[in-house]
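Take a look at the structure set out below.
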Amino acid sequence: MSPQSSPSLDKSTLSVPHLISIRDLTPADLDLIFHFSDQFREVLSRPIKRVPSLRDMTIANLFFENSTRTRISFELAEKRLSADVVNFSASSSSVKKGETLLDTVNNILAMKVDIVVMRHPSPGAPVFLAKHIDAQVVNAGDGTHEHPTQAILDAYSIRERLGRVAGLKVVIIGDIQHSRVALSNIFCLQKLGAEVMVCGPPTLIPRHMQTLNVHVSHNLREALAWCDVANVLRIQLERMEEGGGGSALRSFPSLREYAMVYGVNRRILDEVGKDILILHPGPMNRGVEITSDVADSGQSIILDQVQNGVITRMAVLYLLAARQRGPESV
Amino acid sequence: MVEPRVILDSQKFGLVLERLCHQLIENHDGFADTCLIGIQPRGIHLSRRVDQTLLRLTGERNWQYGVLDPTFYRDDFRRRDMPLKPAETRIDFLVEGKDVVLIDDVFYTGRTIRAAMDGLLHYGRPARVELLVLIDRRLSRHLPIQPDYVGQTVDAVISEQVRVEWAEAEGQDKVWIVSQNAVAP
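Going down the list, the sequences are from chains A and B. So the first sequence is numbered by my numbering: it starts at -7 and just counts up by one. So the second sequence is numbered by my numbering: it starts at 7 and just counts up by one.
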């Protein structure tokens, strides 16, 4: 059918040129991303799991911090949209030789890159980048600030399983202090109309939480009894180990004690007696924040989250790319 | 200003639909290897009607039925002001070795069909692909594609728009031509 004969066709676009923070998005943006994700889910069920939409674009994945899941997820999303992909990780680059972020990125952009997907240890690095370069920027995690695509895939996974996000009660459990996932999740869930609680030891919950209009609990049983969905965060072992990084960073006496007080296990879920949906952004420390009998159970959607990561990232990249003007039409 | 003209009223609409289905019956022996695929978003009204009419005429549904959204295969991505919003694709079978009939309401430049054929090939290698359209706007093709089954051929200039309305969506089966700056009645 020709475009001219379809006056009722629904057209939409994202309200932002970059994806830096969930805070910048409107609820309509999130709905749009979910709508496209639904279509890309179907694409991934085909014998040929690829569409040619981004065949004239180049995307650089700049990972200044380690990542397995997110990097592979973005790379697959990009390849399934037929984009050209270049990968970069800090450990094998000139960053080690003292090059600044802007220089590194400008050098990569000089090779004609349209979209930059960046993970960086410094909060705000993607904002800085977006201000100074022409390419579009997707934040794949900046320090302890935000990890927007993780929040989008989490909300999408909840919506997929429970049919909605609005009106649900979601608790985020564990290391809120060091977690960019927590902050993005809070913004995203609230925009979609869910009620959010954070739960963890006082040393791992920053004081500003009250200002975000979230409930705070230090009692796991109480939190689980309240919620419909529990998002269990990873205890960032690298920050906790004795000697490595200094004992000042230690926020609780021992992993064993943390597991006893804040670990989500079968026993406590049975005691609460509700069918709570369990999420975990990975990588899991089995036996610390979550036990295997919970992680591998039917109420956990941890592997769904990974699968939905690819389709929601396809939707984000597609919608951002759609905002760029392509080559002049012939 | 040119008055909107009606090309097909609801009576003629029904006749054309019957004819198209009889032509399909003539060319698809028993429909055992046939797949009917409606093209989103507006072609699915016609594909549903064809599906129902064929069922009434033949008595049993031997063919497979699906809908395909060509949005991700379009060649005008990033060349239009707003991105198109994709609709559902539902093809629960492989088209490998099948006789596929693509179904759309208005055939104009040929670009949508080109995109749909690209998408179709992701479900296998069909033995044959045919195109059934309700309205063929001649003289405006951008690509060397021709329909196999045509409801009605129309000569309209570019500034005119061919509108197809469906009883289930707009309340009445009707095809009419409006000039782009005319006011709808």
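For each residue, glycine too, the CB sits at the ideal point set by N, CA and C.
The Cβ neighbour count for phenylalanine 66 of chain A, taken over all protein chains shown within 10 Å, is at least 16; the residue is labelled buried.
Counting along the chain, the unbroken beta strand (DSSP E) around glutamate 171 of chain B starts and ends at 166 to 171. Within the stretch 15 to 44 of chain A, the residues whose Cβ lies closer than 9 Å to any Cβ of chain B are, in chain order, Leu24, His27, Phe28, Asp30, Gln31, Phe32, Glu34, Val35, Arg38, Pro39, Ile40, Lys41, Arg42, Val43 and Pro44. Boundaries for histidine 207 of chain A: no alpha helix (DSSP H) harbours it, while the beta strand (DSSP E) harbouring it runs 207 to 209, taken from the DSSP string.
Counting along the chain, leucine 14 of chain B sits inside the beta strand (DSSP E) bounded by residues 11 to 14. DSSP lists no beta-bridge partner residue for phenylalanine 244 of chain A. Distance check between phenylalanine 26 of chain A and each of A:Arg305, A:Ala313, A:Gly90 and A:Ile268 places A:Arg305 closest, using alpha-carbon atoms only.
For threonine 92 of chain A, DSSP records no beta bridge to any residue.
Using a Cβ-Cβ cut-off of 7 Å, glycine 157 of chain B is close to nothing in chain A; its nearest Cβ partner there is about 14 Å away. Interface annotation, aspartate 75 of chain B: in contact with chain A, CB-CB separation under 8 Å. Using a Cβ-Cβ cut-off of 8 Å, threonine 5 of chain A counts as an interface residue toward chain B, since at least one Cβ of chain B sits closer than that to its own. Membership of glutamate 70 of chain A in the alpha helix (DSSP H) is indicated by the continuous run 61 to 72. At a cut-off of 8 Å between beta carbons, glycine 130 of chain B contacts chain A. Here valine 108 of chain A is near alanine 52 of chain A, since their CB atoms are less than 8 Å apart.
Looking only at A:Asp134, A:Thr195, A:Ile150 and A:Ile14, the smallest Cα-Cα distance to glutamine 299 of chain A is reached by A:Ile150. At least 8 Å separates the CB of proline 10 of chain B from every CB of chain A.
Nearest CB-CB separation between methionine 88 of chain B and chain A: below the 8 Å threshold. For serine 81 of chain A, the three-state secondary structure derived from DSSP is strand. DSSP, read as helix, strand or coil, puts arginine 38 of chain A in coil. With fewer than 16 other CB atoms across the displayed protein chains lying within 10 angstroms of its CB, histidine 28 of chain B is exposed.
If you look at glutamate 187 of chain A, you'll find it in the beta strand (DSSP E) that goes 187 to 191. Judged by beta-carbon spacing, aspartate 111 of chain B lies within the 8 Å limit of isoleucine 141 of chain B, meaning their Cβ atoms are closer than that value.
Listed along chain B are Arg84, each with a C-beta nearer than 8 Å to that of glutamine 316 of chain A. Counting along the chain, the unbroken beta strand (DSSP E) around aspartate 105 of chain B starts and ends at 105 to 113.
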